[in-house]
Amino acid sequence: MNLSQTVLGVTFQNPTVLASGIWGITASGWRRVAANGAGGITTKSLWLTEHKGHPNPTIIATEHWTLNAVGVPDAGIEKAREEIGDYNKNPSAALGAGKPVPLIANIIANTVENYGKTAQEIVALKPDFLEVNISCPNVEDEFGKPFACSVRDASAVTKAVKAVSGKIPVFIKLSPNVDDIGSIASACAEAGADGFTVINTLGPGMAIDLRSRLPILANKVGGMSGPAIKPIAVRCIADVYRATGGKKPIIGTGGIMTGEDAIEFLLAGATLIGIGTAVSYRGGEVFRLVCEEMAAWCDAEGVKKISELTGGMHRALGIRD
Amino acid sequence: MHTPQQNRLPKTYRISAVKRETEQVTSFTFAVSLGAAPGQFIMVWLPGVDEVPMSVANDDGKKLQITFFAVGDTTKKLASLKKGDLVGLRGPFGTHYEWKPKQHLALIAGGYGAAPMFFAASEATKDKCTLTSIVGARSKEHLLYLDEFTKLPHTTVSVATDDGSQGHKGYNVELLAELLKAKKKPDQVFACGPERMLVVVSDLCFQHKIPCQLSLERYMKCGFGLCGNCTVDPLGIRLCTDGPVVKNDLARRITEFGKYHRDHLGKKHPL
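Residue numbers (our numbering), protein chains in the order written: chain Y, 1 to 321; chain P, 1 to 271.
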């Protein structure tokens, strides 16, 4: 069965993509994840200048959920130049395919203008896609409500990035923590977004240690990920797909653990599948495992090409109506 | 589905005993076990301050001990805590030292490395291993766990101090070099301590073709494989998951080993 797809001119040997913020700080890490079977790699969010994150504890987890308030630390543009330059000199060959594994550079900034400036610097390094992080819930103390929470802000950032991105497709990473994710997506689509990553982390949430009576995360609150958020992610993907007429590719992410979860995300409207927190639940081999499980399901169900599944739920609903 | 046997949610426990090992080194004991094996680490949370990785000095199924240097902001504050104070713990994380029963093991402990090396030693002697323990420090005031090492069965203990105030004047790796030239070589070498020491141990064991396990230290943030901060070049493996204890063959493929490490922002710094 054919797991490969070409999305906006870029070929992915399988639909799994390393989500931003997991394992993705260095070129070595990107290559290791690619060797583990990921079809695409998203870098950790890149800032123009050095940005410190939060003190520890920053990531805590139970069987059902993970909370993180890492706070988007990054060494700034020089390090991005070094690592992306290194990766592009020797892009990982997808397992057995001999083709490079696409690199999605995720960028973050604190003002609309700086999103534009950061995009300009990163675009010069020639990643395959740009992913714009307007939705991190862990820097609200610093910057206020994420840009993803208002149509006006999300649209302004999209325009600023599209003004400098040239031929590199721009994916906007949306927040689930809004009243109407569909309207945010429509606004970004109108502003020129080429695709969407749905969703960033949920919440934020909080966990309290009983004896000390203190919140466990140093930031007190943190974005939620892991198996428990999957239903929210699936609904958000469905909302974005519907709001954009199924015309914009979606990297669906949030709580995926298995190949069947991935199929569910495709049916909701995703084209690619972002896997992050599952790395800590199933190990680094999760990309290969999810691909094997997807292929097994497709074989059993007679699905020949993975792209057939994208938006399948919407078509099934349409047929019923 | 991978069900971790590690606890990834910090929970606070009251310190059940405090011991000042040396002027700068303190041990805490807690009446809880996290099921840690020698070489593994836990994340230690000082509520309201920070959470840092620490090698487990002992875990016997009923109680857990950590031994740490008061060198940074968090460890200095930790060192001021008293019996009954709350400290958050979670783990155990990472790989551990591995041996077969009845093996002859050489354990090289440098500075703070003595605690996890002692943990390995005490567990290995339960499997009837014989040990040559070489404990090194700057001077005799900084030697750690010497009494504990000496009390173990089937153990020869040698000491090295930089200033010669006790034992051999010089480095513990010099004693290892002698040991490896002897007729009866150890089956394996374990080492824990400063990276410059580990590089020498690695080279010696490579030359003499003796299997060797080293505990590599890198900046760690989450401790269980998500954040990627402890990823090493060029292999891209995470030392919280594929380490900190690594076999020599693997260590020698980590080109940054002995050369540089990355900080909390991913920036490189020479060792």
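Even glycine gets a Cβ: it sits at the ideal position worked out from N, Cα and C.
### Message
Could you compute how far the alpha carbon of Val151(Y) sits from the alpha carbon of Pro176(Y)?
### Response
14 Å
### Query
What do you get for Glu21(P), buried or exposed, if any count of 16 or more other CB atoms within 10 angstroms of its CB means buried?
buried
### Message
Among the candidates Thr201(Y), Thr11(Y), Gly21(Y), whose CA atom is the shortest distance from the CA of Pro73(Y)?
### Response
Gly21(Y)
### Task
Starting from Thr231(P), find everything on chain Y with Cβ-Cβ shorter than 8 Å and list it in chain order.
What Thr231(P) touches in chain Y: Trp23, Ile25, Thr26, Ser28, Gly29, Arg32.
#### Entry: Contact set for Asp163(P): own chain, Cβ-Cβ below 6 Å, skip 5 residues either direction
If we look at Asp163(P) and ignore the five residues flanking it on each side, its Cβ neighbours are Ser139.
#### Entry: Inter-residue spacing [alpha-carbon to alpha-carbon] between Gly182(Y) and Ile168(Y)
24 Å
### Query
So which residues on chain P does Val279(Y) lean against when the C-beta distance must stay under 8 Å?
Gly225, Leu226
### Query
Residue range of the alpha helix (DSSP H) that Lys151(P) falls in?
Here the alpha helix (DSSP H) through Lys151(P) covers 146–151.
### Query
What first and last residue would you give for the alpha helix (DSSP H) that runs through Cys192(P)?
Note, Cys192(P): premise wrong, no alpha helix (DSSP H); beta strand (DSSP E) at 188–192.
### Query
Ordered along the chain, which non-local residues of its own chain (more than five positions away) have a Cβ less than 7 Å from that of Gly311(Y)?
Tyr241, Gly246, Gly269
### Query
Going along the chain, which residues of its own chain have a beta-carbon closer than 6 Å to the beta-carbon of Gln24(P), five neighbours each way excluded?
Phe69, Ala70
### Query
Applying the criterion that 16 or more other CB atoms from any shown protein chain within 10 Å of the CB defines a buried residue, is Ala270(P) buried or exposed?
Here residue 270(P) is Pro; the residue named in the question, Ala, does not match the sequence. Flag for Pro270(P) reads exposed.
### Task
Report all residues from its chain with a CB closer than 6 Å to the CB of Phe198(P); omit the five preceding and five following residues, and keep chain order.
It is Leu, not Phe, that sits at residue 198(P) in the sequence shown. Correct list, in chain order: Ala191, Leu214.
#### Entry: Candidates Val157(P), Gly228(P), Gly223(P), of which the one nearest Gln40(P) by Cα
Gly223(P)
### Message
By the three-class DSSP mapping on this structure, what secondary structure does Ala38(Y) have?
### Response
coil
#### Entry: Limits of the unbroken beta strand (DSSP E) element including Asp209(Y)
Here Asp209(Y) belongs to no beta strand (DSSP E), and DSSP marks it neither H nor E.
### Simplified DSSP state of Thr111(Y), which is helix, strand or coil
coil
### Beta carbon of Thr74(P) nearer than 8 Å to that of Val49(P)
yes
### Query
Which two residues bound the contiguous beta strand (DSSP E) that contains Tyr322(Y)?
Residue 322(Y) cannot be examined here, being either before or after the span of chain Y that is shown, 1 to 321.
### Task
Compile a chain-ordered list of the residues in the stretch 254–267 of chain P whose CB is closer than 7 Å to at least one CB of chain Y.
His264, Leu265, Gly266, Lys267
### Task
Report the residue ranges of all alpha helix (DSSP H) runs contained in full by the stretch 137–207 of chain Y; include only those spanning at least 4 residues, in chain order.
140–143, 151–162, 181–190
### Query
Should Ala278(Y) be listed as close to the ligand COA, given that the test is whether its C-beta is under 7 Å from any heavy atom?
Ligands are entirely absent from the displayed structure, and the ligand COA is therefore not among its contents.
### Task
May I ask you to list, following chain order, the residues of the stretch 124–146 of chain Y that have a beta carbon less than 8 Å from some beta carbon of chain P?
none
### Query
Hey, how far is the Cα of Arg31(Y) from the Cα of Gly236(P)?
7 Å
### Query
How would you list, in chain order, the residues of chain Y whose beta-carbon sits under 9 Å from the beta-carbon of Lys291(P)?
Any answer about residue 291(P) is impossible in this case: the structure gives chain P only from 1 up to 271.
#### Entry: Contact set for His2(P): own chain, Cβ-Cβ below 6 Å, skip 5 residues either direction
Confidence in His2(P) is poor, its pLDDT being 40 and thus under 50, which makes the residue's placement too unreliable to answer from.
### Task
Look at the Cβ atom of Ala121(P), then the Cβ atom of Thr155(P), and state whether they are nearer than 8 Å.
Contact check for Ala121(P) against Thr155(P) passes: the beta carbons are separated by less than 8 Å.
### Query
Cα separation between Leu175(P) and Arg196(P)?
16 Å
### Task
Quick one: measure Cβ to Cβ for Ile216(Y) and Thr253(Y), integer angstroms, because I've assumed they're closer than 8 Å.
About 24 Å separates the two Cβ atoms, so there is no contact after all.
### Query
Comparing the C-beta of Ser45(Y) with each C-beta of chain P, is any distance below 8 Å?
no
### Task
Could you spell out the range, first to last residue, of the alpha helix (DSSP H) harbouring Glu293(Y)?
286–301
### Proximal residues of chain C, C-beta to C-beta of Asp209(Y) below 8 Å
Of the protein chains in this structure, namely Y and P, none is chain C.
### Task
Under 6 Å Cβ to Cβ from Asn7(P), same chain only, skipping five residues before and after it: list those, please.
Arg90
### Message
Taking the alpha carbon of His64(Y) as the reference point, which residue from Thr158(Y), Ile306(Y), Gly226(Y) has its own alpha carbon closest?
### Response
Gly226(Y) is the residue among Thr158(Y), Ile306(Y), Gly226(Y) whose C-alpha sits nearest the C-alpha of His64(Y).
### Query
Looking at C-alpha atoms only, which residue of Pro211(P), Gly110(P), Leu34(P) is the closest neighbour of Asp249(P)?
Of Pro211(P), Gly110(P), Leu34(P), the smallest CA-CA separation from Asp249(P) is found for Pro211(P).
### Query
Could you give the C-beta distance for Phe171(Y) and Phe147(Y), rounded to a whole number, given that I count them as a contact under 8 Å?
Wrong, their Cβ atoms sit about 15 Å apart, outside the cutoff.
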